[in-house]
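Participant: Chain order of the listed sequences is Z and X.
Under my numbering, read the first sequence as residues 121 to 233, first letter to last.
Under my numbering, read the second sequence as residues 10 to 122, first letter to last.
Glycine residues also receive a C-beta, built at the ideal position from the N, C-alpha and C atoms.
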Amino acid sequence: AQSVSQHNHHVILSEAASLELGCNYSYGGTVNLFWYVQYPGQHLQLLLKYFSGDPLVKGIKGFEAEFIKSKFSFNLRKPSVQWSDTAEYFCAVNARGNYQLIWGAGTKLIIKP
Amino acid sequence: DGGITQSPKYLFRKEGQNVTLSCEQNLNHDAMYWYRQDPGQGLRLIYYSQIVNDFQKGDIAEGYSVSREKKESFPLTVTSAQKNPTAFYLCASSIATRGNEQFFGPGTRLTVL
Chain Z
121 AQSVSQHNHH VILSEAASLE LGCNYSYGGT VNLFWYVQYP GQHLQLLLKY FSGDPLVKGI
181 KGFEAEFIKS KFSFNLRKPS VQWSDTAEYF CAVNARGNYQ LIWGAGTKLI IKP
Chain X
10 DGGITQSPKY LFRKEGQNVT LSCEQNLNHD AMYWYRQDPG QGLRLIYYSQ IVNDFQKGDI
70 AEGYSVSREK KESFPLTVTS AQKNPTAFYL CASSIATRGN EQFFGPGTRL TVL
């Protein structure tokens, strides 16, 4: 069965620190990859996505993610975090042509001011 | 404004009662989804519908039922057979041809007393 693994359930950083959240998936075929973010009290919203092409994708608010096919990974990065990045982050994977998204358990990120 | 609305935001029910959660979208999306979100478990798919009058079970459909009589609406009924119904419920929609990027509503928090 397909699965998505997010290695860190809780991450605490200080402002201006660099961020990397890990995401690995298990599926051998072609995939679409997503990072979603859920800010406190807000809707779950798309941060960035990868369908094809350049494996380094840029999203909103200075986030980026790199798809490494050989490692089945899609890690999220941000060079300098802000207090407003405090949120829960979810990685999701969709097998091409399938309606279902498979979700990771989420990572709660807390940024200390 | 285009989007997904879910009502109510908070819902309280007594054990043994069925309850229906509303989800409406005006994005003209064909596909709609219901997820359950529990702390530390990510999103788990309850049901999804690709087209009017058709729907499929997700990973945790037991104790839930849905209908899709109109493209815009996808209500979820939490029945008394659901053993642990207290949770946060999210509705989403997508255009399958766009890599299944899903758009989310604000959610309904159901508490069964």
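Check residue 230 of chain Z in the structure and name its three-state DSSP category.
Facilitator: Strand.
Participant: Flag residue 169 of chain Z as yes if its beta-carbon sits less than 7 Å from any beta-carbon of chain X, otherwise no.
Facilitator: By this cut-off, residue 169 of chain Z is an interface position.
Participant: Just confirm the distance between the C-beta atoms of residue 227 of chain Z and residue 131 of chain Z, as a whole number of angstroms; I'd bet it's less than 8 Å.
Facilitator: At roughly 6 Å, the Cβ-Cβ gap stays under 8 Å, so residue 227 of chain Z and residue 131 of chain Z are in contact.
Participant: For residue 63 of chain X, report the span of its beta strand (DSSP E) as first-last.
Facilitator: 63-66 is the extent of the beta strand (DSSP E) around residue 63 of chain X.
Participant: Between the C-alpha atoms of residue 123 of chain Z and residue 44 of chain X, what's the straight-line distance to the nearest angstrom?
Facilitator: The straight-line gap from Cα to Cα measures roughly 16 Å.
Participant: Nearest CA to the CA of residue 77 of chain X: which residue from X/98, X/22, X/57, X/25?
Facilitator: Nearest of X/98, X/22, X/57, X/25 to residue 77 of chain X, Cα basis: X/57.
Participant: Assuming contact is defined by CB atoms lying nearer than 7 Å, are residue 159 of chain Z and residue 166 of chain Z in contact in what I supplied?
Facilitator: Not in contact: residue 159 of chain Z and residue 166 of chain Z (Cβ atoms no closer than 7 Å).
Participant: As a quick exercise: from Z/209, Z/223, Z/224, Z/198, pick the residue whose alpha carbon is nearest that of residue 137 of chain Z.
Facilitator: Answer by Cα proximity: Z/198.
Participant: Below 9 Å on C-beta distance, what does residue 210 of chain Z contact in chain X?
Facilitator: Near residue 210 of chain Z (Cβ distances below 9 Å), the residues of chain X are 51, 52.
Participant: So which residues of chain X does residue 219 of chain Z contact, with C-beta pairs closer than 7 Å?
Facilitator: Neighbours of residue 219 of chain Z on chain X, chain order: 40, 57, 59, 105, 109.
Participant: Applying the criterion that 16 or more other CB atoms from any shown protein chain within 10 Å of the CB defines a buried residue, is residue 111 of chain X buried or exposed?
Facilitator: So residue 111 of chain X counts as buried.
Participant: Assign residue 175 of chain Z to buried or exposed, taking buried as 16 or more other Cβ atoms, counted over all protein chains shown, within 10 Å of its Cβ.
Facilitator: Its Cβ having fewer than 16 others within 10 Å, residue 175 of chain Z is exposed.
Participant: Pull up the distance between the alpha-carbon of residue 154 of chain Z and that of residue 23 of chain X, whole angstroms please.
Facilitator: Each residue's alpha carbon lies about 37 Å from the other.
Participant: Below 8 Å on C-beta distance, what does residue 163 of chain Z contact in chain X?
Facilitator: Ordered by position in chain X, the residues that pass the 8 Å Cβ test against residue 163 of chain Z are 113, 114, 115, 116.
Participant: Roughly how many angstroms lie between the CA atoms of residue 41 of chain X and residue 82 of chain X, to the nearest whole one?
Facilitator: Distance between the alpha carbons of residue 41 of chain X and residue 82 of chain X is about 9 Å.
Participant: Return helix, strand or coil for residue 69 of chain X, following the three-state DSSP convention.
Facilitator: Here residue 69 of chain X sits in coil by DSSP.
Participant: Does DSSP classify residue 169 of chain Z as helix, strand or coil?
Facilitator: Correct three-state label for residue 169 of chain Z: strand.
Participant: When you compare the CB of residue 226 of chain Z with every CB in chain X, is at least one pair closer than 7 Å?
Facilitator: Yes, residue 226 of chain Z counts as interfacial toward chain X.
Participant: Check each candidate in Z/146, Z/173, Z/210 and name the one with the smallest Cα separation from residue 53 of chain X.
Facilitator: It is Z/210 whose Cα lies nearest to the Cα of residue 53 of chain X.
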